[in-house]
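A.B. asks: Let me give you the structure first, and then I'll get to my questions.
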Amino acid sequence: MQLVSVDKRRFYLHKSDPYDDPLFHYIFLRRISLVKLVDGTYKDASSQAFREWVTNLDTSYHLPTSVIGPHPCPTIVREFQSIIGKEMRKQGMEKWGGKPHVLIACVGGGSNAMGLFHEFINDKDIRLIGVESSGHGLESGRHSATLSKGHVGVYHGAMSYLLQDDGGQILCPHSIGVGLECPGVGPELSYLKESKRAEFHADEEALHGAELNFLELS
Numbered sequence: 000m001q002l003v004s005v006d007k008r009r010f011y012l013h014k015s016d017p018y019d020d021p022l023f024h025y026i027f028l029r030r031i032s033l034v035k036l037v038d039g040t041y042k043d044a045s046s047q048a049f050r051e052w053v054t055n056l057d058t059s060y061h062l063p064t065s066v067i068g069p070h071p072c073p074t075i076v077r078e079f080q081s082i083i084g085k086e087m088r089k090q091g092m093e094k095w096g097g098k099p100h101v102l103i104a105c106v107g108g109g110s111n112a113m114g115l116f117h118e119f120i121n122d123k124d125i126r127l128i129g130v131e132s133s134g135h136g137l138e139s140g141r142h143s144a145t146l147s148k149g150h151v152g153v154y155h156g157a158m159s160y161l162l163q164d165d166g167g168q169i170l171c172p173h174s175i176g177v178g179l180e181c182p183g184v185g186p187e188l189s190y191l192k193e194s195k196r197a198e199f200h201a202d203e204e205a206l207h208g209a210e211l212n213f214l215e216l217s
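The structure is reproduced here in structure tokens:
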């Protein structure tokens, strides 16, 4: 979901969004002036919101829902999301008197992952692991594993890892988790990958690891 236009509070939803159901309409949509349903996925909705914003800069402001887009959008979202990591540090001290050894977060656009990781980036003894959606398989072209299989490019005003074809056209991502269907990822996460501060894996690797662990314990 993307928000643009302060005066009209216009939301852009893609039609495969799970919020597009009667309960969501009844509880939430009555409170806003205009909702635009966009054919396609998150990529299409976010692109339409971005297009609306850059063509109406005097009357609109783009509020992205992830750490993507031009500066300072990723920083703003990360700062709000960083409460996740701050709470993790506080609760760790309260519950076992120390820091976690490993942090694992799902990665779509990257807001949840950056919200968790940011607090601990300078704690070099803590592993940061991001897990991406394999969709129909990493070789199928129908997945959301941007950091695992993507390439560096420019999308929505930021240089980062993207899912793109040989001609640089943005590919349509796929995941059973709609919130992970993003063709790009936050530039700060891309930096964490390049600097090797964080590692990223597809969920089929995570599932295989969980199955192996189960076999070892059984």
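Its first residue numbered 0, the sequence shown is counted upward by one per residue in numbering that gives the first Met the number 0. Idealized CB from N, CA, C, for every residue including glycine. The model shown is predicted, which means the values in this text are computed figures rather than measured ones.
1. Measure from the alpha carbon of Arg170 to the alpha carbon of each residue in Val184, Arg141, Lys192 and Arg196, then state which is nearest.
2. Which residues bound the beta strand (DSSP E) around Val101?
3. Look up His207 in the DSSP assignment and say whether it is helix, strand or coil.
4. To test your reading of the DSSP string, which unbroken beta strand (DSSP E) runs of 3 or more residues are found completely within the segment 39 to 115?
5. Decide if Leu115 is buried, meaning its Cβ has at least 16 other Cβ atoms within 10 Å, or exposed.
6. Please report the distance separating the alpha-carbon of Glu215 from that of Ile103.
7. Note down the Cα distance separating Arg77 from Thr64, rounded to an integer number of angstroms.
8. Can you give me the start and stop residues for the alpha helix (DSSP H) that Leu127 sits inside?
9. Quick one: any contact between the segment 142 to 150 and the segment 120 to 132, if contact means 3 or more CB pairs under 8 angstroms?
10. Give every residue of the same chain whose Cβ lies closer than 8 angstroms to the Cβ of Gly68, excluding the five residues on either side of it in the sequence, and list them in chain order.
C.D. replies: With the given structure in hand:
1. Here the question's residue 170 lines up with position 171 in the sequence shown. The identity of residue 170 in the sequence shown is Leu, whereas the question assumes Arg. For Leu170, the nearest C-alpha among the options comes from Arg141.
2. Working through the sequence shown from its first residue, we reach residue 101 at position 102. It spans Val101 to Cys105 - the beta strand (DSSP E) in which Val101 sits, taken as one unbroken run.
3. If you number the sequence shown from 1, residue 207 lands on position 208. DSSP places His207 in helix when its eight states are reduced to three.
4. 101 to 105
5. Here residue 115 refers to the residue found at position 116 when the sequence shown is read from its first residue. Buried is the call here.
6. Mapped onto the sequence shown, residue 215 falls at position 216. Mapped onto the sequence shown, residue 103 falls at position 104. Roughly 21 angstroms separates the two Cα atoms.
7. Locating residue 77 in the sequence shown gives position 78, where the first residue counts as 1. Locating residue 64 in the sequence shown gives position 65, where the first residue counts as 1. So the two alpha carbons sit approximately 10 angstroms from each other.
8. Position 128 of the sequence shown holds residue 127. Unbroken run through Leu127 is the beta strand (DSSP E), Arg126 to Glu131; no alpha helix (DSSP H).
9. yes
10. Residue mapping note: residue 68 aligns to position 69 of the sequence shown, counting from 1. Only Phe49, His61, His155, Gly156 and Ala157 meet the Cβ criterion.
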